[in-house]
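Student:
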Amino acid sequence: MILTNLYAIFRKEFQSYFASPFAYIIAAVFWLIGGFFFSAILEEILQTLSFFEQSGQLSVPVDVAGQFIDSFFAVIISLLLVLLPALSMGLYSEERKRGTLELLATSPVTNWVVAVGKLLGVLAFFIVLMMPFWIYEIIIFSNASPPINLNIILLSHGALILVATAILSLGMFISSLTDSGILAYILTFILILFLWIMDAIAANLQEPFKSILSYLSLFDRYTDLVSGVLDISSIVLFTSYILLGIFLTAQSIEALRYQRS
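The numbering of the sequence shown is our numbering, which starts it at 839 and goes up by one.
1) For Val1067, which of helix, strand or coil comes out of DSSP?
2) In whole angstroms, give me the CA-to-CA distance for Tyr855 and Gln1044.
3) Work out the CA separation of Gly1083 and Ile1050 for me, nearest whole Å.
4) Determine the closest residue to Val1067 out of Leu1081, Tyr974, Ile1039, Asn989, with distance taken between C-alpha atoms.
5) Does the contact criterion of 3 or more C-beta pairs under 8 Å hold for the stretch 1068-1087 versus the stretch 999-1017?
6) Just how far apart, CA to CA, sit Thr1061 and Ala1093?
7) Assign Val867 to one of three DSSP states: helix, strand, or coil.
8) What residue range does the alpha helix (DSSP H) around Ser1007 cover?
9) Of the residues Ala903, Ile999, Leu919, which one's Cα is nearest the Cα of Asn981?
10) Whether or not the stretch 1020-1032 and the stretch 915-929 are in contact is what I'm after, with contact meaning three or more pairs of Cβ atoms, one per stretch, closer than 8 Å; do they touch?
11) Figure out for me which residue from Thr1016, Phe910, Met1036, Leu844 has the closest Cα to the Cα of Trp1171.
12) My understanding is that Leu1000 touches Ile1073, with C-beta atoms under 8 Å, so please give their C-beta distance in whole angstroms.
13) Figure out for me which residue from Ile863, Phe964, Ser1055, Ala1002 has the closest Cα to the Cα of Ile1080.
14) Of the residues Ser931, Ile1005, Ile864, Met1036, which one's Cα is nearest the Cα of Ile1020?
15) Do Ile1091 and Val952 count as a contact pair if the criterion is CB distance below 8 Å?
16) Can you list, in chain order, the residues of its chain whose CB lies under 7 Å from that of Gly872, leaving out five sequence neighbours each side?
17) Please classify Met839 as buried or exposed, where buried requires at least 16 other C-beta atoms within 10 Å of its C-beta.
18) For Tyr974 and Phe868, which I take to be in contact (beta-carbon distance under 8 Å), what is that distance rounded to the nearest angstrom?
19) In terms of residue numbering, what span does the alpha helix (DSSP H) encompassing Glu851 cover?
20) If I'm right that Leu880 touches Leu957 with Cβ under 8 Å, what's the distance once you round it to whole angstroms?
21) I'd like to check one pair, Val1064 with Ala997: are the Cβ atoms closer than 8 Å?
22) Do you know how far the Cα of Leu1033 is from the Cα of Phe852?
23) Please classify Glu933 as buried or exposed, where buried requires at least 16 neighbouring CB atoms within 10 angstroms.
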């Protein structure tokens, strides 16, 4: 029964993006900007490599794929800091605006099921947005010499999905607090920006606050994983943010359920 309800909410949320003109605008802008940087970064790396080859300064094979991953994933995460709040801002705010959130709050479906279903729905749409870039990477990296380290590729993409899920989960909670999508977007962006630059803030603090804020920084953990450093604490941190967003969202809807009862 729980899985049935979960799937129903997931399907409804996922399909809603394909019925929204705003989602198509987001996709078009993301693909346009992301595609530009994809080709520009790759072209710059290849031109630099060609220059060194022609000048005889290239004595060892260059890991083109690895350089591309480092550069492109630094750009793509910057785009996602702007994109993901736009995807999450309507998860609950639209329900509030249309008055259907009260129906969810008073339904027999648990708050956790609703929150997880909505999060999976928006995450699935995000994965759809990333698919064209993954196809390009497969085409390019399949002929890479030296062969690219598959573990780094999987770890980099896993890090991207984890940080995206964490941002969407926290954005979902903020969306549950207001019926204004614009306000939800602004608050989510501010929160994620704070979590992203937390390591820079920590640099100006004394212990133990420096260590605590550095540990909570999304940026440090993301860059470690993209660089191929598998640190369990990074995965634990991202998972904690995801669960925190789901928990706070469930409590927010529970508060609304209590008000209506």
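Don't be surprised by glycine CBs; every beta carbon is placed ideally from N, CA and C.
Tutor: Reading from the atomic positions:
1) coil
2) 45 Å
3) 20 Å
4) Asn989
5) yes
6) 37 Å
7) helix
8) 988-1013
9) Ala903
10) yes
11) The structure shown has nothing for residue 1171, since the chain only spans 839 to 1099.
12) 7 Å
13) Ala1002
14) Ser931
15) yes
16) Ile914, Leu917, Phe971
17) exposed
18) That pair is no contact at about 14 Å.
19) 840-856
20) No, Leu880 and Leu957 are not in contact; Cβ-Cβ is about 33 Å, not under 8 Å.
21) yes
22) 27 Å
23) buried
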